[in-house]
Amino acid sequence: MKSEIMNIVNVIRQIGKGPLMIYAIALVLRLLYLLVMLPQIGPEHIVNQMPDTATYIEAADYLFGRSLTGQYELYLAGVGYPLFLGICTMLFGKVYWLILLMQIMLSSLSCVFIYKIARLLIKIKIVSLIAGILAAISLTSISLANALLTETLFFFLFTLSLYLFFKGMSTNSWRRVIIAGVLIGLAVLVRSAVLFFPVLLVIFAVLFPVHGQVEGRRQLILKGIVAALIMVSIMSIWGIRNKVAHDSFTVSGTGMGAAQKYLAAGVLYITSPQSSQGFIAFRDSLYRESLTDFNSGNYAEYHGNIRRMVISTFRQYPSLFIETYISNIWDNITVTSALHHVQIPRYKEKYEAVEQKINYGFNNPLVLILTITGFFILARRDLNIAIILLMIPLYFALMSGVTFGQGSRIFFPAQAVQPIMVAVSLVFLYDLLLIGRNLLFLRRKHQNS
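Here my numbering = 1-based position in the sequence shown + 155.
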């Protein structure tokens with residue numbers, strides 16, 4: 156009896172050891188970062204790190220009736236993150252470092268979910284551990300956890316929903332799939348980057364390996380469709396609210412707005428004789444013109460004008476439009492983290508000295524190369540799982556083409572699976588080195604004999 160109890164205890168320890176270690180590493184690193192950051196910028200300046208933070212706070216104050224202004228900001232940002240900020244300020248007051256502590260805990264949990272996704276799909280513990288540790292030490296993840304931005308809350312909901320979705324697909328659990336659909340629907344309300352993800356959920360269901368009876372494939376596809384419909388239903392609620400309030404069916408105004416402010420404006424800037432004034436001044440002049448309809452209450456007209464401008468720019472300069480779009484994608488998927496320059500300015504010169512040696516400007520394609528390498532290695536083992544994993548960073552890469560100049564936060568959601576593919580590459584390279592060393596040892600031994 157005693158030996159059986161010890162066996163159960165050992166199993167529990169083995170299961171919990173990896174997640175606890177990853178959570179501890181992630182938590183300690185993010186807390187240390189916060190402790191270094193606060194004396195340098197001051198707790199009162201947490202809200203001044205990024206321009207978007209002021210937008211979210213104004214939207215939260217308007218949503219909770221604390222301010223008459225903020226309607227425009229709520230329309231732009233969507234309801235998810237302002238709701239989170241509003242609830243937090245109700246609990247803690249406007250003590251923003253406490254909200255950062257909550258985000259740090261959520262960010263650390265996200266690293267654990269990446270480990271769990273790897274264990275579920277790859278089924279190799281060392282790969283899962285490395286993936287979780289890579290997520291824990293990600294400078295992008297650490298710096299975003301210490302900023303009042305949408306990314307950390309979104310990433311937590313997204314990684315948790317992916318884990319529950321894949322877990323539900325690999326078992327007979329409908330409950331997990333339904334919860335996954337709810338969570339990813341909430342994630343859209345936080346950040347509209349996954350607006351088209353319902354399509355991917357169905358594709359994942361088509362590709363996911365079947366375990367069990369012959370009719371398993373039909374069951375998996377049905378699960379994917381149900382999760383997708385739940386996701387669409389949740390984000391449609393806020394879209395209907397915007398339609399009633401503003402005559403514009405949209406989850407947030409940032410998507411098409413980004414296409415206008417960055418992609419279309421970038422194309423027009425290249426072709427404009429006024430390009431000598433600088434891109435930001437040129438872009439802002441276009442943006443201010445489009446705000447006329449919005450400020451007068453013509454929300455539908457505002458959205459329509461933006462959409463027409465983007466479409467007309469594409470029709471007028473199709474090749475340049477596509478070229479700029481692809482250029483934006485390349486920049487976003489290879490750009491390195493830069494938020495720490497703002498958060499910890501005292502050490503900026505030291506950062507830049509190191510970054511100049513390892514980066515090309517602000518870009519480094521190493522992670523991208525390891526991600527692609529990981530795909531080909533996985534494809535030899537399980538092509539369907541490899542395609543599922545690759546589709547997630549590919550989706551966010553395609554979505555990132557409409558914007559630029561915001562650092563590694565744009566492509567950050569791809570880190571839900573990128574560490575897994577990088578970990579596969581690193582383990583493969585390590586095995587190659589071991590094989591090479593052993594072959595060299597045997598060759599020398601043979602020569603000596």
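All C-beta atoms, glycine included, are put in the ideal place defined by N, C-alpha and C.
Every value quoted in this text rests on a predicted model; they were computed, and no experiment measured them.
Point to revise | Rounded Cβ spacing between Val406 and Leu344 (contact assumed at less than 8 Å) | key: Here residue 406 refers to the residue found at position 251 of the sequence shown. Here residue 344 refers to the residue found at position 189 of the sequence shown. Rounded, the Cβ-Cβ distance is 7 Å, consistent with contact.
Point to revise | Sequence-distant residues of the same chain with beta carbon closer than 8 Å to Val369, five excluded per side | key: What you label residue 369 is simply residue 214 of the sequence shown in a count that begins at 1. Here Val369 scores only 44 on pLDDT, less than 50, and its place in the model should not be relied on; the value that follows carries that caveat. So no residue of the chain qualifies.
Check your understanding: What's the C-alpha gap between Ile339 and Leu319?
Key -> As a position in the sequence shown, residue 339 is number 184, starting the count at 1. As a position in the sequence shown, residue 319 is number 164, starting the count at 1. Taking the straight line from one Cα to the other gives about 10 Å.
Point to revise | Beta-carbon spacing of Gly562, Ala493 below 9 Å | key: Sequence index remark: in the sequence shown, residue 562 carries index 407 (1-based). Sequence index remark: in the sequence shown, residue 493 carries index 338 (1-based). A contact, by the Cβ cut-off of 9 Å.
Point to revise | Rounded straight-line distance, which links the Cα of Tyr585 to that of Leu521 | key: Within the sequence shown, numbered from 1, the residue matching residue 521 stands at position 366. Within the sequence shown, numbered from 1, the residue matching residue 585 stands at position 430. If I take the Cα positions, the gap works out to 16 Å.
Check your understanding: Count the other CB atoms within 10 Å of the CB of Gly120; is the residue buried (16 or more) or exposed (fewer)?
Key -> Here the chain has residues from 156 to 604 only, and residue 120 is not among them.
Review point. Can you tell which of Glu228, Tyr217, Ala181 and Ile254 has the C-alpha that lies nearest to the C-alpha of Val202?
Key: For the purposes of this step, residue 202 is taken as the residue at position 47 of the sequence shown. Selected option, being the one with the closest Cα: Ile254.
Practice item. Please name the residue in Gln570, Tyr236, Leu533 and Arg535 whose C-alpha comes closest to that of Ala552. Key: As a first step, residue 552 is located in the sequence shown; it is residue number 397 there, counting from the start. Among Gln570, Tyr236, Leu533 and Arg535, the Cα nearest to that of Ala552 is on Gln570.
Exercise for review: Inspect the beta-carbon positions of Ala419 and Thr558 and report whether they are closer than 9 Å.
Suggested key: One-based indexing of the sequence shown puts residue 419 at position 264. One-based indexing of the sequence shown puts residue 558 at position 403. No; because the gap between Cβ atoms is not below 9 Å, this pair is not in contact.
Check your understanding: From what residue to what residue does the alpha helix (DSSP H) around Asn301 run?
Key -> Position 146 of the sequence shown holds residue 301. From DSSP, Asn301 is part of no alpha helix (DSSP H); its letter is neither H nor E.
Point to revise | DSSP beta-bridge partners of Val365 | key: Residue mapping note: residue 365 aligns to position 210 of the sequence shown, counting from 1. Answer is none; Val365 lacks a bridge partner.
Point to revise | Cutoff 6 Å; reference Ile180; Cβ partners in own chain excluding five residues on either side | key: Along the sequence shown, one-based indexing puts residue 180 at 25. Answer for Ile180: Ala291, listed in chain order.
Exercise for review: State the start and end residues of the unbroken alpha helix (DSSP H) segment that holds Arg331.
Suggested key: The residue given as residue 331 occupies position 176 in the sequence shown. Counting along the chain, the alpha helix (DSSP H) containing Arg331 begins and ends at Trp329 to Val345.
Review point. Based on Cα-Cα distance, which residue from Ser403, Gly323 and Tyr417 lies nearest to Ile376?
Key: If you number the sequence shown from 1, residue 376 lands on position 221. It is Gly323.
Review point. Of all the alpha helix (DSSP H) runs that stay within the bounds of the stretch 347–417, which reach a length of 4 or more residues?
Key: 352–362, 371–401 and 409–413
Review point. Going by other Cβ atoms of all chains shown within 10 Å of its Cβ, with 16 needed for buried, is Asp439 buried or exposed?
Key: Mapped onto the sequence shown, residue 439 falls at position 284. Exposed: under 16 other Cβ atoms inside 10 Å.
Check your understanding: Going by beta carbon distance, what residues of the same chain come within less than 6 Å of Glu213, once the five residues before and after it are set aside?
Key -> Locating residue 213 in the sequence shown gives position 58, where the first residue counts as 1. Hits under 6 Å: Gly225 and Glu228.
Point to revise | 8 Å contact criterion, which Leu189 and Ile259 should meet: CB distance rounded | key: Looking up residue 189 in the sequence shown gives position 34. Looking up residue 259 in the sequence shown gives position 104. That pair is a contact at about 7 Å.
Review point. Below 9 Å between beta carbons: does that hold for Phe310 and Pro574?
Key: On the sequence shown, position 155 is the one that residue 310 refers to. On the sequence shown, position 419 is the one that residue 574 refers to. Their beta carbons are not under 9 Å apart, which means Phe310 does not touch Pro574 by this criterion.
Exercise for review: Look up Asn518 in the DSSP assignment and give the residues it is bridged to.
Suggested key: As a working mapping, residue 518 is identified with position 363 in the sequence shown. BP columns for Asn518 point to Val490 and Tyr515.
Practice item. Indicate whether Ala335 and Leu317 have their beta-carbon atoms separated by less than 9 Å. Key: Within the sequence shown, the letter at position 180 stands for residue 335. Within the sequence shown, the letter at position 162 stands for residue 317. Against a cut-off of 9 Å, the Cβ pair of Leu317 and Ala335 comes out as a contact.
Review point. Quick one, are the C-beta atoms of Pro353 and Leu384 less than 9 Å apart?
Key: By one-based count along the sequence shown, residue 353 stands at place 198. By one-based count along the sequence shown, residue 384 stands at place 229. Yes, the pair counts as a contact, with Cβ atoms nearer than the cut-off.
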